[in-house]
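So the protein sequences, as listed, match chains E and P. Sequential numbering from 1 applies to the first sequence in the UniProt record's numbering. Sequential numbering from 1 applies to the second sequence in the UniProt record's numbering. For every residue, glycine included, the Cβ atom is placed at its ideal position computed from N, Cα and C. Computed from a prediction, not measured in an experiment: that's the story for all the values here. Notes follow once the structure below has been shown.
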Amino acid sequence: MSQPVQQSQTEIIVTGFGGQGIILAGRILGMAASLGDKKESTLVQAYGPESRGGACNAQVIISNTPIHYPYVNTPDILIAMSQAGYDKFVTALADDSVLLIDEDLVRLQQAPCDHFAIPATRMAENLGNKMMANIIMLGFCTAVTGAVSSRAAQVTIADSVPRGTSERNIEAFGKGFDYGLSTLKGRRKVAAGQAGALAS
Amino acid sequence: MANKTDDKTLNILLFLCNWGAHAAFLTLQDQLRPIPHEIRMVRVPCAGRIDRAMLLKAFAQGADGVALVGCEPGTCRYGSGSANSLQNTDDVQRILDIMGLGRERLCFGAFLPEESEELLSFLQNFADEINVLGPAGIEAVPVISALNADDLHQELRQLVAAYDIHACQDCGKCTSACPLALIGKPFSPRAIASAVITGGIHSPGVQENVWSCLTCGLCYDRCPSAVNFPAFIKELRHLYRHTALPGQEVHGGFFHSLMRSMSSAAITPRRWGGLPDEIRTDPESPILFFGGCAPYYDIFFGKHSRPQTNKILIDSLRLLNFFDVAPRLLTDERCCGHDLLWSGDKKNFERLARINVERLNGLGIETVITTCPECYMTLHTTYADEGLELKFKVVHLYDFLEEQLDKGAVDFEPFDQVITFQDSCRLGRLEGKVDLPRKLLKRLQPARFVEMKEAAGASICCGNCAWTGCDGYSKALQVRRLEQAHATGSDLLVTSCPKCQLHLACAMEDPFRREQLEIELMDLTSIIAQTIRWKG
Ligand code: SF4
Ligand code: SF4
Ligand code: SF4
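Quick look at the structure:
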């Protein structure tokens, strides 16, 4: 008799406005999980009436057992890259969800759960291409949540972005990833009472 | 004072005050009392006149022990001699400790004319102690052979060719940029260059001016023919050492004696004592932090002001720790040799550089991080230029910090001061890192950051380099710089080199203009350490 498999399922919503590469980010997450990490995944893209320039979202489920229902009701991870997107999904979050935001685009009133912020769009601008904010956000998400492995994400990015831009996109992913690791480290330090460099 | 000969006798130098103590010594001589034979007496007008430079120079020139003997406090003919002697002894003892010679090698005693027996036992005890300690280990200064006129001429011709001095188009851009010329000193790099070509190093105006050049590199920066004047000056100074002409060493040559002593392999410095408990270091780390001479500076200048250059090193360590690097430290760290090289003492520089490179290469480390711009330039660039092969990378702390900060998740606490920035000539113009400190400055959260009138690549000097040729014009230059700092409306002048801090603070000592000139000085490293925060 085989051992019962530990059920582990991560439900993710990526939200923002059209043109930010929100759907692409969702697709990379799903493909990285299934092709790279050999898990099951599903992707639902929401092109509502809002899609042209307005809010849009991608719903991704990653699981190590088959997935029967592809829609996300209560996201484990919400990635919000616009205020409208955040406002729409914030109520769906549970206490133990994780919220990731672009800190320049989303103003948090009172986060209903643990949250992490990154100036992804600003960082992308500094890299010379605002369009890479989604990839920076993916790096950040990978470091903070471990939803997919860094290796799988990078391979998938290289295959998914326009030819000739993969190096720069991998660099952008690395920036977001480093920022995520730094953020986690900062949390540990602050929790340990070592926020600054001088002995307090 | 002669350097040690091959007999095993140690050298103990006795500086003896002409007044009370000398009478006691005479009595010992008259009565044929057994004065230890290691002792060589120098009679001085007042023990208080033997300054710290002379005390240290005695060791640099081969003394194994130095006794300073004066009069009991209160009996000094000049009033303050005894107090001065005590202060000088204490400072030099602290320096000797760090150098690894040990404070025991220097002692002070005070005697009345009739205390000859007390003086005798004092000298005997001291001689016994030095004999137990053994030789101090400072080697003789390598003899620099005097060049005859033909050789000198030949060397000079080679220098002129090597530095392409003939490429000079006589355009005068160098002189019109040189801060010394602009402050009114009758000084012109172009004129020095042509005087050397036509009349050699002894032509009028060359010799004193060669020691005045700040080697700041502004002229080189402006020269359309890329005449590397500061490097040429460096070599000219070396040539002067082959003649009987001394350099114009400031502070009595204190720092030069210090550095020369460190070029002896037999001494083992004892650096990094008294670090705060919370600093984490790791003797196995592949990253080594190289400090530099700050602890010596703080002791030496502590007499005048309260310099805080050692704090820069401690704050550097704190920042490395902040980013989870517990670096290795070299407890026998020596001076990098920058000032020896730039004051013409190439022989001792080469000796010191070789010791340093062998020591560091032998550690199996991957990286040396340093904050001091002079250590950085010397380790990173000069050693390689001198043909030494380094088996590790040399990284400036700012580069390390910028790389870490770029990863993000770190903030800076705002502070309510307007700041301006004094560039280091070594880091900025000579090593080409003008933007690097500015990237860091832009991350800080001061009330405002305002550049001085002459900033970045055009920045003017703090007024001295390599402890040579400081004069009234240097002071005038510093006053102009401080006025520029005030003109920005800043209340904090940020520095990036310990020497900028020392020299600019020195100019503020002017008793007549103190009020106008005074401005708070703080090193960039220390400001970062004070305000950096994990976002969390
Ligand atoms: S700037 Fe260069 S070319 Fe012009 S006078 Fe000076 S050394 Fe000569
Ligand atoms: S290096 Fe500086 S001080 Fe020396 S001549 Fe050039 S500009 Fe003047
Ligand atoms: S500026 Fe002051 S501290 Fe600097 S060399 Fe001149 S006298 Fe010495």
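Could you confirm whether any beta carbon from chain P is found closer than 9 Å to the beta carbon of S182/E? Your numbering for residue 182/E matches position 182 in the first sequence. It does: the Cβ of S182/E has a partner Cβ on chain P nearer than 9 Å.
Given 8 Å, three or more beta-carbon pairs between the stretch 517 to 525 of chain P and the stretch 482 to 502 of chain P: yes
Ordered along the chain, which non-local residues of its own chain (more than five positions away) have a Cβ less than 8 Å from that of T331/P? On the second sequence, residue 331/P is found 331 positions in, with the first residue counted as 1. Cβ within range, chain order: P269, R270, R271, W272.
Which residues neighbour ligand 3 when neighbourhood means a C-beta less than 6 Å away from any of its non-hydrogen atoms? List them by chain order. Selection around ligand 3 by beta-carbon proximity, strictly under 6 Å to any non-hydrogen atom, yields V250/P, H251/P, G463/P, N464/P, W467/P, C470/P, S474/P, L502/P, H503/P, C506/P in chain order.
Using DSSP's beta-bridge definition, name the partner residues of N57/E. Residue 57/E sits at position 57 when you count from the first residue of the first sequence. For N57/E, which the question treats as bridged, DSSP gives the partners T15/E, A46/E.
With 16 as the cutoff for other CB atoms within 10 Å, does Y69/E come out buried or exposed? For the purposes of this step, residue 69/E is taken as the residue at position 69 of the first sequence. Counting Cβ neighbours within 10 Å, Y69/E comes out exposed, since fewer than 16 surround it.
Give every residue of the same chain whose Cβ lies closer than 6 Å to the Cβ of I136/E, excluding the five residues on either side of it in the sequence, and list them in chain order. Counting from one through the first sequence, the residue named residue 136/E turns up at place 136. Hits under 6 Å: A120, M123, A124, A172, K175, G176.
In terms of residues, what are the limits of the beta strand (DSSP E) holding Q17/P? Taking the second sequence and counting its residues from 1, the one referred to as residue 17/P is at position 17. According to the sequence provided, residue 17/P is Cys. The question's Gln does not apply to it. It spans 12 to 17 - the beta strand (DSSP E) in which C17/P sits, taken as one unbroken run.
Between V106/E and ligand 1, is the CB less than 8 Å from at least one heavy atom? Against the first sequence, residue 106/E aligns to sequence position 106. False, no ligand heavy atom lies under 8 Å from that Cβ.
Which whole-angstrom value describes the C-beta separation of A47/P and P113/P, a residue pair presumed to lie in contact below a C-beta threshold of 8 Å? The residue given as residue 47/P occupies position 47 in the second sequence. The residue given as residue 113/P occupies position 113 in the second sequence. Between P113/P and A47/P the Cβ distance is about 14 Å, and since that is not below 8 Å, they are no contact.
Can you grab the Cα-Cα spacing for the pair N134/E / I314/P, in whole Å? By 1-based counting over the first sequence, the position of residue 134/E is 134. By 1-based counting over the second sequence, the position of residue 314/P is 314. Cα-Cα distance, rounded: 40 Å.
Beta-carbon proximity list for G102/P, same chain, < 8 Å, skipping 5 on both sides: Here residue 102/P refers to the residue found at position 102 when the second sequence is read from its first residue. Counting only Cβ-Cβ distances below 8 Å, and skipping sequence neighbours, we find L96, L133.
Coarse secondary structure for K393/P, derived from DSSP in three states: The residue you call residue 393/P lines up with position 393 of the second sequence. Of the three classes helix, strand and coil, the one that applies to K393/P here is strand, per DSSP.
For the stretch 314 to 343 of chain P, list every residue whose C-beta sits within 8 Å of some C-beta in chain E, in sequence order. D315, R318, L319, N321, F322, D324
Inter-residue spacing [alpha-carbon to alpha-carbon] between V227/P and W19/P: Residue numbering aside, residue 227/P sits at position 227 when the second sequence is read from its first letter. Residue numbering aside, residue 19/P sits at position 19 when the second sequence is read from its first letter. Their Cα atoms are separated by approximately 56 Å.
Quick one: which chain E residues come within Cβ less than 7 Å of R533/P? As a first step, residue 533/P is located in the second sequence; it is residue number 533 there, counting from the start. Those within 7 Å of R533/P in chain E are A195, G196.
Where does the unbroken beta strand (DSSP E) through C107/P begin, and where does it stop? The count along the second sequence starts at 1 and reaches residue 107/P at position 107. Unbroken beta strand (DSSP E) run through C107/P: 106 to 110.
On the three-pair Cβ rule with 8 Å, is the stretch 70 to 85 of chain E touching the stretch 13 to 29 of chain E? yes
Could you work out which residue in V410/P, V325/P, H238/P, M259/P is closest to L159/P when comparing CA atoms only? Walking along the second sequence from the start, residue 159/P turns up at place 159. For the residues V410/P, V325/P, H238/P, M259/P, the minimum Cα distance to L159/P belongs to H238/P.
Does R429/P pass the burial test, meaning 16 or more other C-beta atoms within 10 Å, or should it be called exposed? Along the second sequence, read from residue 1 onward, the residue named residue 429/P stands at position 429. Label assigned to R429/P: buried.
Would you check if there are 3 or more beta carbon pairs closer than 8 Å linking the stretch 27 to 41 of chain P to the stretch 109 to 124 of chain P? Result yes; three or more Cβ-Cβ pairs closer than 8 Å.
I'd like to know if the stretch 462 to 478 of chain P and the stretch 400 to 409 of chain P are in contact, where contact means that at least 3 CB-CB pairs between them fall below 8 Å. no
Where does M522/P fall in DSSP's three states? One-based indexing of the second sequence puts residue 522/P at position 522. Residue state, collapsed to three classes: strand.
7 Å CB neighbourhood of M1/E in its chain, flanking five on each side removed: Along the first sequence, read from residue 1 onward, the residue named residue 1/E stands at position 1. At M1/E, the pLDDT of 41 sits below 50, so the modelled position is not reliable; the number obtained from the coordinates is stated separately. Excluding positions up to five away in sequence, the list is empty.
Where the alpha helix (DSSP H) through I157/E begins and ends: Counting from one through the first sequence, the residue named residue 157/E turns up at place 157. Here the alpha helix (DSSP H) through I157/E covers 150 to 160.
Taking the alpha carbon of L138/E as the point to measure from, which residue in K130/E, A94/E, G128/E, A153/E has its own alpha carbon closest? The sequence position of residue 138/E within the first sequence is 138, counting from 1. Ranking the options by Cα distance to L138/E, first place goes to A153/E.
Contained alpha helix (DSSP H) runs [length at least 4] in the stretch 431 to 488 of chain P, N- to C-terminal order: 435 to 443, 472 to 487
Using a threshold of 8 Å, is the CB atom of A177/P nearer than that to any non-hydrogen atom of ligand 2? Walking along the second sequence from the start, residue 177/P turns up at place 177. A177/P: yes, Cβ under 8 Å from ligand 2.
Could you tell me whether the stretch 319 to 333 of chain P touches the stretch 355 to 370 of chain P, using the rule of 3 or more Cβ pairs below 8 Å? Because the criterion of three Cβ pairs below 8 Å is met, the stretch 319 to 333 of chain P and the stretch 355 to 370 of chain P touch.
Taking only three categories from DSSP, how would you classify L56/P? Translated into positions along the second sequence, residue 56/P becomes position 56. Here L56/P carries a helix assignment [DSSP, helix/strand/coil].
Which residues bound the alpha helix (DSSP H) around I28/E? Counted from its first residue, the first sequence places residue 28/E at position 28. First-last of the alpha helix (DSSP H) with I28/E: 22 to 31.
Taking only three categories from DSSP, how would you classify E208/P? Here residue 208/P refers to the residue found at position 208 of the second sequence. Here E208/P sits in helix by DSSP.
Return the residue from the list A21/P, E104/P, Q87/P that minimises the CA-CA distance to G70/P. On the second sequence, position 70 is the one that residue 70/P refers to. The residue with the shortest Cα to Cα distance from G70/P is A21/P.
Does the beta-carbon distance from S263/P to L341/P come in below 9 Å? On the second sequence, residue 263/P is found 263 positions in, with the first residue counted as 1. On the second sequence, residue 341/P is found 341 positions in, with the first residue counted as 1. Cβ atoms of S263/P and L341/P: not closer than 9 Å.
How long is the line joining the alpha carbons of Q530/P and D221/P, rounded to whole angstroms? Along the second sequence, one-based indexing puts residue 530/P at 530. Along the second sequence, one-based indexing puts residue 221/P at 221. C-alpha separation (whole angstroms): 34 Å.
Tell me whether D282/P, by its Cβ, gets closer than 8 Å to a heavy atom of ligand 1. Here residue 282/P refers to the residue found at position 282 of the second sequence. Ligand 1 has no heavy atom closer than 8 Å to the beta-carbon of D282/P.
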